[in-house]
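Below you'll find the structure, written out as structure tokens, and then a few comments.
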Amino acid sequence: MNEWLGEEKKVCIGPHHPVTRGGMNFIASLDGETLRQAIPEIGYCHRSLEKIAENTDYQGFTTYASQADPLSPYSCQWSYVMAVEKLAEITVPRRAEFLRVIAMELNRITSHLHFLSFMAEIIGAKILKAQSFKRAEIFSHYTTTFCGNDNMFLQIGGVVRDLCSSDWETTLIQFLDHLKTFIDEYSYTLKNNYVFQRQLSFTGVISVEEAIQYNLVGPNLRASGLAWDLRKNRPYSIYSELNLEIPTCQRNKGDAHDRVQVRIDEIAQSASLIRQCLEKIPQGPIQCKITEPIKPKTGEIYNCIEGVRGDTGTYLVSNGTTQPHRLKLRTGSFSSLALLEKMGREIPLSDYLTLIASLDISPWEADR
Amino acid sequence: MQIRHIFEHLQKDLSSVFFELHEDSPSHGGDPFILVPAMSLLPVCDILKDMQRYDFQCLSNLTAVDFQDHLRLIYHLFSYTHHHSLTLTTSLLPPHYEIDSVSRLWPIANWFEREVFDMFGIQFRGHPSLKRLLLPQHWTGYPLRKDYERMAR
Amino acid sequence: MEVLSSFFLNNISPMVSIGAQLTFIFILIFVIFFPLITLTYWIEQVIYSRFSGIRGAGHSLYNIIFPMKIITKLLQKESQTDPYIDRPLFCLAPYVGFSTVVLTLIVLPFSSHYVLSHSDLGVLYLITFIFLMGIHALMAGWSSNSKWALIGAVRSLTQSLCGITLYGLVIMIITLQTHSLSIQDIIQMQGPHPWQWLLFLSPFTLAAFLLSLSSLMMIIDQPPYGTATSSSEIHSGYKGHYTGIRYFVLTISNKGAFFILSAMTTHLFLGGWQAPASWLYWAAVFSPQFPNIIEMGVFLFKTLCVVWIILILQNTLPPLRLDHLIKLTWKYLIPLGLTALAGTAIWTYIFPDGNLFTQYLLSLLLVTFGIYFFYRLLYHTYLSIKPRIKGKKA
Numbered sequence: 001m002n003e004w005l006g007e008e009k010k011v012c013i014g015p016h017h018p019v020t021r022g023g024m025n026f027i028a029s030l031d032g033e034t035l036r037q038a039i040p041e042i043g044y045c046h047r048s049l050e051k052i053a054e055n056t057d058y059q060g061f062t063t064y065a066s067q068a069d070p071l072s073p074y075s076c077q078w079s080y081v082m083a084v085e086k087l088a089e090i091t092v093p094r095r096a097e098f099l100r101v102i103a104m105e106l107n108r109i110t111s112h113l114h115f116l117s118f119m120a121e122i123i124g125a126k127i128l129k130a131q132s133f134k135r136a137e138i139f140s141h142y143t144t145t146f147c148g149n150d151n152m153f154l155q156i157g158g159v160v161r162d163l164c165s166s167d168w169e170t171t172l173i174q175f176l177d178h179l180k181t182f183i184d185e186y187s188y189t190l191k192n193n194y195v196f197q198r199q200l201s202f203t204g205v206i207s208v209e210e211a212i213q214y215n216l217v218g219p220n221l222r223a224s225g226l227a228w229d230l231r232k233n234r235p236y237s238i239y240s241e242l243n244l245e246i247p248t249c250q251r252n253k254g255d256a257h258d259r260v261q262v263r264i265d266e267i268a269q270s271a272s273l274i275r276q277c278l279e280k281i282p283q284g285p286i287q288c289k290i291t292e293p294i295k296p297k298t299g300e301i302y303n304c305i306e307g308v309r310g311d312t313g314t315y316l317v318s319n320g321t322t323q324p325h326r327l328k329l330r331t332g333s334f335s336s337l338a339l340l341e342k343m344g345r346e347i348p349l350s351d352y353l354t355l356i357a358s359l360d361i362s363p364w365e366a367d368r
Numbered sequence: 369m370q371i372r373h374i375f376e377h378l379q380k381d382l383s384s385v386f387f388e389l390h391e392d393s394p395s396h397g398g399d400p401f402i403l404v405p406a407m408s409l410l411p412v413c414d415i416l417k418d419m420q421r422y423d424f425q426c427l428s429n430l431t432a433v434d435f436q437d438h439l440r441l442i443y444h445l446f447s448y449t450h451h452h453s454l455t456l457t458t459s460l461l462p463p464h465y466e467i468d469s470v471s472r473l474w475p476i477a478n479w480f481e482r483e484v485f486d487m488f489g490i491q492f493r494g495h496p497s498l499k500r501l502l503l504p505q506h507w508t509g510y511p512l513r514k515d516y517e518r519m520a521r
Numbered sequence: 522m523e524v525l526s527s528f529f530l531n532n533i534s535p536m537v538s539i540g541a542q543l544t545f546i547f548i549l550i551f552v553i554f555f556p557l558i559t560l561t562y563w564i565e566q567v568i569y570s571r572f573s574g575i576r577g578a579g580h581s582l583y584n585i586i587f588p589m590k591i592i593t594k595l596l597q598k599e600s601q602t603d604p605y606i607d608r609p610l611f612c613l614a615p616y617v618g619f620s621t622v623v624l625t626l627i628v629l630p631f632s633s634h635y636v637l638s639h640s641d642l643g644v645l646y647l648i649t650f651i652f653l654m655g656i657h658a659l660m661a662g663w664s665s666n667s668k669w670a671l672i673g674a675v676r677s678l679t680q681s682l683c684g685i686t687l688y689g690l691v692i693m694i695i696t697l698q699t700h701s702l703s704i705q706d707i708i709q710m711q712g713p714h715p716w717q718w719l720l721f722l723s724p725f726t727l728a729a730f731l732l733s734l735s736s737l738m739m740i741i742d743q744p745p746y747g748t749a750t751s752s753s754e755i756h757s758g759y760k761g762h763y764t765g766i767r768y769f770v771l772t773i774s775n776k777g778a779f780f781i782l783s784a785m786t787t788h789l790f791l792g793g794w795q796a797p798a799s800w801l802y803w804a805a806v807f808s809p810q811f812p813n814i815i816e817m818g819v820f821l822f823k824t825l826c827v828v829w830i831i832l833i834l835q836n837t838l839p840p841l842r843l844d845h846l847i848k849l850t851w852k853y854l855i856p857l858g859l860t861a862l863a864g865t866a867i868w869t870y871i872f873p874d875g876n877l878f879t880q881y882l883l884s885l886l887l888v889t890f891g892i893y894f895f896y897r898l899l900y901h902t903y904l905s906i907k908p909r910i911k912g913k914k915a
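Chains as they are written, first to last, in this note's numbering: chain P, 1 to 368; chain W, 369 to 521; chain U, 522 to 915.
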């Protein structure tokens, strides 16, 4: 035990620590309650999806792409599917595009609700955690009734399943109304509760320059103060037809509080997008005719969409055969983790845990 | 700025370097990209990052592709001020897969380069700590190369 | 019942036989301690499940046996000991914690006659054991031979130190007011009615009451003031390596400390077992034991009210971080306690027999606050966040 009496202790935050969500490790040097250094270690969830892609055909990899992140299956899947469609010059029916947007936004709400409950758990507010998790569960239920099994919804050239029934739509809209009151209460608590303020404000401040250098994307980048959203700035699919405002936090401090607030605003934003889609959705086919097997022409493409954790990129190289020559998935969690290596210096342990939680890292997505 | 304009400006700014622009053709689809020699990658990146005209503050992606006879490194750059993007590529010929690290310019390249080293075995000169990232440290071989022996088949 | 009441009615003489001593320990643990733990545990479950909106163990009255279920479950589990621990210390720690809690029951009065020992130094005895409540955490954390457990133990000790210092101040304020260290004396100086309680004697004792609630939550490590055993941050702190019956013993000692500290708060501030004289008069008509039972009922009711209030606070507020907690205690709460101490001294000098007007005013204020609190509680549990969902279940 004598080695513990030295100045610094080496402890591992993870891989089975609640803050890591089950698949990362931070090798930390602790001096009392202060963290001298923390080095992230990843690879616990590595499933070599990129190697698998080189051994399957294009249509076959869609299910694998959704497994890149179980919490937001459609981010990577849509990014991949859209890259293949661009390269193979397949046009998707309009109704399918609307359905994709609905699925994506439902998924965004579910994932952000999970984040809110996760954040509350790390702070220690167990009732808030239970309440958010309850809503997330109900929302997963809606997504499952619509999309069926998570990893099979999007396909090259369209989607698998149409909207279920008008009953489903009305209950969904009722629940979106309810969700509005819930997130209002959550953000009221966030703004007015003293303990929340003490724990979240000025914790893990990330400046805009730092965020850009470390390639932070999505809600984390917007919380730092840069209003950048691919849905608005480089509209793909049907997002140009929808009324969309980029949710950024007014405080612009780039701390944990802002990152929670931005996600709360995004939930409201996604709810409004779902309503607009349900209003505007046209009739028509949900799947275009494609010739099996898909053979895109030789070339390479880099395609980005606004996923749940920021822009999710797919770099695809085709050599004219039925199998991809090379596929690379670029995700937001990877760059957040790279930033954590720099941030973990001379910071209280609790602050560091709050910082990790507030970046909404999913280890599966970072490891692929 | 379109990639063609970037290409023209780059040719003026760095006249000693030989740039190549690859664009769409009926047989070859996808994004256009600029190919630079591996020797002059770092000066080109320097200019792209620091000159106000380009101002690529962000390296959004860095990866490599194995084309059997050579490896190709791909840098996806992006500028939040000008809202333009650029695909910069460079080829590495066997047997010496070695190139200058750009982690001095873009800190995120630190991890991207570690991942590329992990998967392709490319050595980055001047990298602060070139260790395996996703795979265990004792792993042998570079899995994403085409000549990697696949165990599970 | 006769045996039990004879135990309650007489002091334990040091010359009793071994058998009687064993019976005494048995009664102490199984007849007095466990039912109280069960009640506390059940209330905790009820409040948690109601607040979080999930169907928990507190959903029906039937689940009052929930703690018994947990005992049965944990008894069947293996009490694991890892090879690298300090085994004797590791196995001893939970029982040290348990005994510090159970032994305080000796001086804790349940009614005017139901008390195991009429000690003149009851308060001193009690505070000694409250001081010892941090020891088992350090034993457990050190012997687990794990860094997280050690961090948890040090945190736990720091936190109980804050709480105990505050509690000592509170006791000083009370003894200054009552000139006695006997718990029964302190209770008998108060009356059955709210304006006769020590709580409303002066503004300074009211402050002391709030301080005692804070220190209580620090000592038992409950959320508004506790992160020493938070599972999301440091893997449950010193409890992290315990399994089976040892884990259960650690848990129930925590719950027991919760009950005993609440009971102490009741005795010191809320008039303890004092019931109106007319109730006792009518009760005595039926049986000589009845007044004692009425008094015990009053005492338990008040204690469970304190438990309930603390659980509501615990479930609504997120916990303070440890450094914030230390700052709050040493910078604000302890100076406040010292001020209250000085204030009480002055108050007793000016009003040796108490000021009836202040007592009425303060109790009226509390009633107003209580009504508002109930209104907000009802608003938040039934009107505001009740989900209005009519979806089909999958």
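Beta carbons: idealized from backbone N, C-alpha and C, even for Gly.
Taking only three categories from DSSP, how would you classify residue i?
i, result
"Tyr635 of chain U", "coil"
"Lys907 of chain U", "Low local confidence applies: a pLDDT of 48 at Lys907 of chain U is under 50, so the model's placement there is unreliable, and no value is given."
"Lys289 of chain P", "coil"
"Ser187 of chain P", "helix"
"Asp607 of chain U", "coil"
"Gln601 of chain U", "coil"
"Tyr746 of chain U", "helix"
"Arg309 of chain P", "coil"
"Leu176 of chain P", "helix"
"Gln155 of chain P", "strand"
"Lys828 of chain U", "Here residue 828 of chain U turns out to be Val, not Lys, going by the sequence shown. Helix."
"Leu512 of chain W", "coil"
Per DSSP, residue i is paired with what?
i, result
"Ala432 of chain W", "W:Leu441"
"Phe26 of chain P", "P:Ile13 and P:Pro40"
Taking residue i as the query, report the chain W residues whose CB atoms sit under 7 Å from its CB, ordered along the chain.
i, result
"Glu300 of chain P", "Gly398 and Asp399"
"Val317 of chain P", "Val433"
"Ala338 of chain P", "Ile476, Asn478 and Trp479"
So which residues on chain U does residue i lean against when the C-beta distance must stay under 9 Å?
i, result
"Ala38 of chain P", "The premise fails here: Ala38 of chain P is roughly 14 Å from chain U at the closest Cβ pair, so nothing lies under 9 Å."
I want to verify the contact list: residues of chain U whose CB lies under 7 Å from the CB of residue i, in sequence order.
i, result
"Gly124 of chain P", "Pro744, Thr748, Ser751, Ser753, Pro839 and Pro840"
Which residues in chain P sit within 8 Å of residue i, going by Cβ to Cβ distance?
i, result
"Gln379 of chain W", "Those do not exist, as Gln379 of chain W stays about 23 Å from chain P at its closest Cβ, beyond 8 Å."
"Thr455 of chain W", "Tyr302"
What does residue i reach in chain P if we use C-beta pairs closer than 9 Å?
i, result
"Gln425 of chain W", "Glu209, Ile212 and Gln213"
Would you mind telling me which residues of chain W sit closer than 8 Å to residue i, beta carbon to beta carbon, in chain order?
i, result
"Asp367 of chain P", "Leu502"
Which residues of chain P have a Cβ atom closer than 7 Å to the Cβ of residue i, listed in chain order?
i, result
"His323 of chain W", "Given that chain W is displayed from residue 369 to residue 521, the structure contains no residue 323 of chain W and the question cannot be resolved."
"Trp669 of chain U", "Val11"
List the residues of chain U whose Cβ lies closer than 8 Å to the Cβ of residue i, in chain order.
i, result
"Lys180 of chain P", "Neighbours of Lys180 of chain P on chain U: none; closest Cβ ~12 Å, over 8 Å."
Query raised in the report: Which runs of the alpha helix (DSSP H) fall wholly inside the segment 634 to 694 of chain U and span at least 4 residues, in chain order?
Result: 643 to 652 and 656 to 664
Query - Where the segment 841 to 872 of chain U meets chain P: residues whose CB sits under 9 Å from a CB there - result: Leu841, Arg842, Leu843, Asp844 and His845
Report task. Using a Cβ-Cβ cut-off of less than 9 Å, list which residues of the segment 502 to 516 of chain W approach chain P; keep chain order. Result -> Leu502, Leu503, Pro504, Pro511, Leu512, Lys514 and Tyr516
Requested in this report: Note down, in chain order, all residues in the segment 224 to 254 of chain P with a beta-carbon under 9 Å from any beta-carbon belonging to chain W.
Outcome: Leu226, Trp228, Asn233 and Arg234
Report task. Residues of the segment 382 to 399 of chain W with a CB closer than 7 Å to any CB of chain P: list them in chain order, please. Result -> Ser395, His396, Gly397, Gly398 and Asp399
Report task. Taking a Cβ distance cut-off of 7 Å, strictly less, list which residues of the segment 563 to 592 of chain U are near chain P, in chain order. Result -> Phe572, Ser573, Gly574 and Ile575
Query raised in the report: If you measure beta-carbon to beta-carbon, which residues of the segment 770 to 799 of chain U are closer than 7 Å to chain P?
Result: none
Query raised in the report: Between the segment 12 to 27 of chain P and chain U, which residues of the former have CB atoms less than 8 Å from a CB of the latter, in chain order?
Result: His17, Pro18 and Val19
Report task. May I ask you to list, following chain order, the residues of the segment 469 to 494 of chain W that have a beta carbon less than 7 Å from some beta carbon of chain P? Result -> Trp474, Pro475, Ile476, Asn478 and Trp479
Query raised in the report: Which residues, taken in chain order from the segment 252 to 283 of chain P, show a beta carbon closer than 8 Å to some beta carbon of chain U?
Result: none
Report task. Identify each residue in the segment 406 to 418 of chain W for which the Cβ-Cβ distance to at least one residue of chain P is less than 8 Å, and report them in chain order. Result -> none
Query raised in the report: Between the segment 137 to 160 of chain P and chain U, which residues of the former have a C-beta closer than 8 Å to a C-beta of the latter?
Result: Ile138, His141, Tyr142, Thr144 and Thr145
Query raised in the report: For the segment 29 to 53 of chain P, which residues have a CB atom closer than 8 Å to at least one CB atom of chain W, in sequence order?
Result: Ile42, Gly43, His46, Ser48, Glu50 and Lys51
Query raised in the report: What alpha helix (DSSP H) runs, 4 residues minimum, are completely inside the segment 71 to 145 of chain P?
Result: 73 to 88 and 94 to 123
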